[in-house]
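Contents: one structure, followed by commentary.
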Amino acid sequence: MKEITIDSSILTLLKKDIGKHLDGNGNQKNDDLLVKTSDLVYNLSNEELINKKLLEAEGKIKIESKLNIDEYREFLEECYNKLKYIQKFKEDHLETVSSIGIFFYHLDPLLVNRTDKEIEERKNIKKSLGLEYHDVDAADLSHKNNNYTTYEIKLESDQIVFNKDTSSSNILNMGNLQILNFSSKDISHINIKNLPFKIKSDLSIHPSLFKKIIKKEYIEAQIHELTEFHSDLQELYFAPNFNQIRDWIYDKKQKEFLNFVSEGKKLQKKIEDIHNNNLGAYSRFISELRYRIFQDTINETHVLMEIYFKDINEFINAEKTTTKSMNIMDHLENIRRQKAEPAKLEEEFNKNRQKYKKIEEVLPLFPLTILIQKRRVEKIRNVCPELFDTDKESLSFFE
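Taking my numbering, the leading residue of the sequence shown gets 292, the next gets one more, and so forth.
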């Protein structure tokens, strides 16, 4: 047996782990924050667990195999080419599933006018909550942990309405603003990016962006992670065989799926043997095959829809009454705000307008990106054709 290091160029499902050694604002996590309770099943020392998590954050794992790295890659490609097909969604699932929205454009916290007193107070609160290793300055702006949610998309009175899915606990932030609900009347224009997505080679598209987290690999990792875990389109990957499927999402009677199961059974013994019958290792191999097929299916049936807003005044005014947030700092602030007198709230609202002025000036330049079914895009296009094909040059991370 050989110990080989597999990276995300071989097992693409590892892409979602890249950057997990960083917090939401692109800062290195303290070692203690790398290890979760669920990691204790590995029965490793704390040092070994940390090293394992750091390796995963590079998109790599170590496994034992009877094949060398080149042979392993070749065998994986051979299996994939034998098994690949486009999965068929159940019709009722496609009609009811929400679409995931992501805001990729994190803005530089130095654009926010912060006093030394405020910075120190926030630092002390974070320390008291055990969050001192997280970034202090950017906690009130969107980052990779609060820049996504899912939206229900419906036709109402000749308008397309986007409402945050009530079943989702995540609230999407653009800069300092929460984007809960909006409609086609709020949209300036829409650009469509086909899948598989292509990220621009130069991501320095605007000086207001926070350079710590505009790295290509982190953007790609977030797309893979959010698509898999939050889009309600994902398959059951970590399974030791080929016949398991989430049948409330996919058609388990699909001819191509039955062929996938049949051909997979023929390969199963060789896959197990190559991994010396190690359940974790050969399950991951099978998971990679299923993950690639899932990605092929998404690429065939979905696009990225980039939404540019006319202005953000509606979202600014919503801040007067919004009291929901997944950010612990905002949560504490909201509890305090609920006890404040209306006159005091109005005063603070106006102060915040000045504090976040530079952020709010540039927000309309950047799109909210939604992973959406092609057929839903056509329905939107039929209702609001003027929003499409405008040839407007816009800021995007995608070609």
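Every residue gets a Cβ at the ideal spot worked out from N, C-alpha and C, and that includes glycine.
What is the residue span of the beta strand (DSSP E) that residue i lies within?
i	result
Asp-399	Neither: Asp-399 is in no beta strand (DSSP E) and is coded neither H nor E.
Lys-293	293 to 298
Lys-455	450 to 455
Ile-410	That residue, Ile-410, is in no beta strand (DSSP E); its alpha helix (DSSP H) goes 407 to 419.
Gln-664	659 to 664
Ile-391	390 to 393
Ser-459	Looking at the DSSP string, Ser-459 is not in any beta strand (DSSP E), and its letter there is neither H nor E.
Ser-474	472 to 474
Under 8 angstroms by Cβ, that's how I've got residue i and residue j pegged, so tell me the actual separation to the nearest angstrom.
i	j	result
Thr-588	Gln-378	4 angstroms
Lys-697	Gly-350	Because the chain in this structure spans residues 292 to 690, residue 697 falls outside the shown range and cannot be described.
His-593	Leu-486	6 angstroms
Ser-499	Val-403	About 11 angstroms; that fails the 8 angstroms criterion.
Leu-471	Lys-455	5 angstroms
Ile-451	Ile-671	5 angstroms
Phe-657	Leu-686	6 angstroms
Met-292	Lys-357	6 angstroms
How is the alpha helix (DSSP H) around residue i delimited, first residue to last?
i	result
Glu-349	First-last for Glu-349: undefined, no H or E at that position.
Ser-479	Segment 478 to 485 is the beta strand (DSSP E) holding Ser-479; no alpha helix (DSSP H) there.
Tyr-442	No alpha helix (DSSP H) contains Tyr-442, which is instead part of the beta strand (DSSP E) from 439 to 447.
Asp-383	382 to 387
Ile-650	648 to 653
Exposed or buried, residue i, counting other C-beta atoms within 10 Å across all chains shown (16 or more means buried)?
i	result
Gly-571	exposed
Val-674	exposed
Asp-308	buried
Asn-608	exposed
Arg-583	buried
Arg-595	The question names Arg, yet the displayed sequence has Leu at residue 595. Looking at its Cβ environment, which holds 16 or more other Cβ atoms inside 10 Å, Leu-595 is buried.
Leu-302	buried
Ala-634	exposed
Asp-682	exposed
Leu-446	exposed
Thr-614	Residue placement at Thr-614 is poorly supported in this model, since its pLDDT is 46, which falls under 50; the coordinates are not used for a value here.
Leu-401	exposed
Asn-359	exposed
Glu-591	exposed
Asn-482	buried
Glu-526	buried
Tyr-647	buried
Phe-501	buried
Ser-460	exposed
Ser-492	exposed
Thr-518	buried
Closer than 7 angstroms to a non-hydrogen atom of the ligand PLP - does that hold for the CB of residue i?
i	result
Asp-538	For the ligand PLP, the structure offers nothing, since it holds no ligand at all.
Say whether the stretch 590 to 607 touches the stretch 563 to 582, bearing in mind that this needs 3 or more beta-carbon pairs closer than 8 angstroms, one atom from each stretch.
no
Which ranges does the beta strand (DSSP E) cover as unbroken runs of at least 3 residues, wholly within the stretch 572 to 607, from first to last along the chain?
593 to 600
Across the stretch 546 to 560 and the stretch 408 to 418, are there enough close Cβ pairs to call them in contact, namely three or more that are closer than 8 angstroms?
no
Would you call the stretch 294 to 301 in contact with the stretch 350 to 365, where contact means no fewer than 3 C-beta pairs closer than 8 angstroms?
yes
Is it the case that the stretch 457 to 476 contacts the stretch 434 to 445, given that we only count it when at least three CB pairs across the two stretches are under 8 angstroms?
yes
Inside the stretch 520 to 570 only - alpha helix (DSSP H) runs reaching at least 4 residues
546 to 565
What are the uninterrupted segments assigned as alpha helix (DSSP H) that are 4 or more residues long and contained completely in the stretch 308 to 378, given in chain order?
322 to 325, 337 to 347 and 360 to 374
For the 8 angstroms Cβ check, are there 3 or more pairs between the stretch 369 to 383 and the stretch 322 to 331?
no
Continuous alpha helix (DSSP H) assignments of at least 4 residues falling wholly in the stretch 489 to 520
none
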